[in-house]
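Just so we're aligned, residue 1 is where the sequence shown starts under UniProt numbering, counting upward by one.
Have a look at the structure below before the remarks.
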Amino acid sequence: MIGLRRKVEYFRRYRHILSVLFKYGFGHVVEKLNVEYYIESGKKILKIKSKEGKEQKLKGAERLKLAFEELGPTFIKFGQILSTRPDLIPMDYIEQLKELQDKIEPIEFGEIEEILNLNYGEDYKKVFKKVEKEVLGSASIGQVHKALLNDGTEVVIKVKKPDTDHIVELDISILYNIAVIIEKKIPELAYYNPVKLVNEFSKSIKKEMDFTLEGKNNDIIRMNFKKFKNFKVPKIYWDYTNEDILVMEFVKGKKLYDVLDGNLENGEFLAKLGANIFLKQILEDGFFHADPHPGNIFLVGKDTIVFIDYGMVGTLDEEAQENMAEILEGIVLKDIVKILNAFKNFDTLPDDLNERALKSEMRELLEKYYNTSLKNINIGKLIYEMSNIVIKYKIYVPADFFLMGKTLMTIDGIGRALYPDFDMIEVAKPFVKKLLIRKLSPERVGKKMLKSIKNYDNFFEGFPINMGVLFEKLKKDKIGIEIKSKDVKEFNATIDKTINKLSTSIIIAAIIIGSSMLIQSRTGFSIHGYSILGISGFVIAGFFGMVLVIDTFKS
1 MIGLRRKVEY
11 FRRYRHILSV
21 LFKYGFGHVV
31 EKLNVEYYIE
41 SGKKILKIKS
51 KEGKEQKLKG
61 AERLKLAFEE
71 LGPTFIKFGQ
81 ILSTRPDLIP
91 MDYIEQLKEL
101 QDKIEPIEFG
111 EIEEILNLNY
121 GEDYKKVFKK
131 VEKEVLGSAS
141 IGQVHKALLN
151 DGTEVVIKVK
161 KPDTDHIVEL
171 DISILYNIAV
181 IIEKKIPELA
191 YYNPVKLVNE
201 FSKSIKKEMD
211 FTLEGKNNDI
221 IRMNFKKFKN
231 FKVPKIYWDY
241 TNEDILVMEF
251 VKGKKLYDVL
261 DGNLENGEFL
271 AKLGANIFLK
281 QILEDGFFHA
291 DPHPGNIFLV
301 GKDTIVFIDY
311 GMVGTLDEEA
321 QENMAEILEG
331 IVLKDIVKIL
341 NAFKNFDTLP
351 DDLNERALKS
361 EMRELLEKYY
371 NTSLKNINIG
381 KLIYEMSNIV
391 IKYKIYVPAD
401 FFLMGKTLMT
411 IDGIGRALYP
421 DFDMIEVAKP
431 FVKKLLIRKL
441 SPERVGKKML
451 KSIKNYDNFF
461 EGFPINMGVL
471 FEKLKKDKIG
481 IEIKSKDVKE
491 FNATIDKTIN
501 KLSTSIIIAA
511 IIIGSSMLIQ
521 SRTGFSIHGY
531 SILGISGFVI
541 AGFFGMVLVI
551 DTFKS
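Shown next, in the form of structure tokens:
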């Protein structure tokens, strides 16, 4: 019986989705899907609505936004994710979809009480002295209320709405089915890999539905900023938090939304503070709040900023951070080669890369910005547009890099609203300088060397097996190879030279790593705080390195 009910529900929802797509002028896509069993009601709606409404006269991007809004929570979230992916959809669609607001009518307080009782036993009042009926916020997944713990502590509780897991699971299964059909039947859309996109979205929204993960994200950023002044992250009350309910400290402040138009006396200070907070998250910590709209930012007193809602976060590894620093430096220096090299570091270049065309397109974009002052450049938007050009040439850029671009774009916009002369690039310069120094530090060089040594180790470890496989294939295919004695001697000599150079390189790398450790340990005899042995190691490594380079050029 449950299986039958689920099928009926599935078909009904599928029909509704297709009907809405018809209504907003995407019938040509639906018809290509060739799912006649679900389309019947959709065609009827199309005939009625097309006569009545003006929906189909709007641009495609506007129509898609309206369709997602009508289809509800899952599709609103899907649209928000798409708005961070210029590698998948055009910029006019991104501009529309990023306006999607996850604001849903609140459910009755009685339903909230049922969920509280379900999670805390028969009577939730054993935990909370009071839960206010007034709704502080209502989104697709959760609803927020103010409450008092039994010890009198003011808290905020975020409660997952009933049936959310079921509704999202149903919509994702339908989206997955549509994605599979698109890959099979619509080649021009299959290029965007819709199945992979739906799988990524599924992982993302399921993370947001687990409130313990949001709490952990909150605590990571709280720990990263424990010594930072004028920025606060709310405390999570873990004794009362689970997958369905998040209990956190109540923030006594004003939403940034409410003060943006207030001509704040310290607008410049707040703009720079907000930028410093996010640049630290992105370029130092590599773990950042990815949804910093003004509704998620509070002003406490005159000089303290508080962020809430850590459901969506992004991550950047050390290499991505350093690439970002190179890009920012390239923008300041107007160095297109430096910018392109940083993007190329993300991926192996395609064989058919048209580098001249890529440079030309990038130069054309940057010239638009170079005719104005650096402070007038929205750095997030520029990075977004540069990334969009790079992916056209099949150079992969990580999804979180786009998320970072969107985040910087938002922070830049908020900064300018607080202080019209706000200059994000000026605020970013110290972070960029620090990253570029880190890139050349003995510790970072040592790590890279160690990684190279491991790669060499893996290569030599697998070399006998790989050679055995190769000779086995040669034997089976009966491929004959004639080698003369002279050739063998020359070949052996070349191999000997190569192995000698490789051995020398490994020894040099080992000396550099050891010297780096000695310098960092600051033990034994030293000059200005640097180990004499460590410095000697670098000198020896430098000498052998020069010999190796000269020998390589000679050969």
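Here a beta-carbon is modelled for each residue, glycine too, at the ideal position from N, C-alpha and C.
The structure displayed is predicted, hence computed values, not measured ones.
Return the residue from the list the options that minimises the CA-CA distance to residue i.
i	options	result
Y310	Y93, F109, L246	L246
A320	F401, A290, D258	F401
L18	Y237, N341, D171	D171
V155	K133, D92, F128, Y176	F128
T164	K255, I383, K206	K206
K133	E113, F211, S140, V168	E113
D219	K203, K160, F307, I167	F307
V397	E367, M324, K359, I377	M324
F211	P106, K32, D244	D244
W238	I107, V251, G215, P86	G215
E201	S360, I81, Y120	The residue you asked about is not Glu; residue 201 is Phe in the sequence shown. Nearest of S360, I81, Y120 to F201, Cα basis: I81.
I167	L189, A428, M209	M209
A399	L316, D335, E367	L316
Taking all protein chains shown into account, decide if residue i is buried (16 or more other Cβ within 10 angstroms of its Cβ) or exposed.
i	result
R6	exposed
P292	buried
F11	exposed
N388	buried
V180	exposed
S373	exposed
K51	Reliability of the predicted coordinates at K51 is poor, the pLDDT of 42 falling under 50, and the value obtained from them is presented with this limitation in mind. Result: exposed.
P350	exposed
Q101	exposed
V337	exposed
K392	exposed
Y257	exposed
K227	exposed
N296	buried
M424	buried
F543	exposed
Given residue i, which residues of its chain have a CB within under 8 Å of its CB, disregarding the five upstream and five downstream residues?
i	result
K235	R222, M248, E249
L273	N230, F231, D303, I305
L270	L264, L299, D303, I305, L418, Y419
I174	Y10, R13, Y14, I17
K334	L366, Y370
E268	L418, Y419, D421, F422
K185	K32, L33, N34
K65	G79, Q96, L97, E99, L100
Go ahead and pull the three-state DSSP assignment for residue i.
i	result
M209	coil
F78	helix
T153	coil
H293	coil
V247	strand
K232	strand
L299	strand
G253	coil
F431	helix
residue 560	Past the boundaries of the shown model lies residue 560; the chain is included only from 1 to 555, so the question cannot be answered.
I305	strand
F201	helix
G72	coil
F543	helix
G314	strand
F422	coil
F26	coil
F287	strand
F225	coil
K51	No answer about K51 holds up, because its pLDDT of 42 lies below 50 and its placement is not dependable.
K59	coil
For residue i, collect the residues of the same chain with a Cβ closer than 6 Å to its Cβ; drop the 5 residues on either side in sequence, then sort them by chain order.
i	result
G380	G405, L408, M409, D412
E284	none
D92	A61
Y124	L116, N117
I178	none
Please go through the same chain and pick out, in chain order, the residues whose beta-carbon is closer than 7 Å to the beta-carbon of residue i, but skip the five residues on each side of it.
i	result
M1	At M1, the pLDDT of 45 sits below 50, so the modelled position is not reliable and the matter cannot be decided from this model.
I76	F68, E69, L100, D102, S140
H289	I221, Q281, F307, Y310, V313
E322	L435, K439
I107	Q143, K161
L71	I17, V20
Mind checking if residue i is an interface residue toward chain B, Cβ cutoff 8 Å exclusive?
i	result
Y396	Although the question refers to chain B, the structure presented lacks it and comprises just one protein chain.
In chain order, which beta strand (DSSP E) runs of at least 3 residues are fully inside the region 74-147? 128-138
Starting from the N-terminal side, write out each stretch of the alpha helix (DSSP H) that is 4 residues or longer and does not extend beyond the region 335-415. 336-344, 355-370, 379-392
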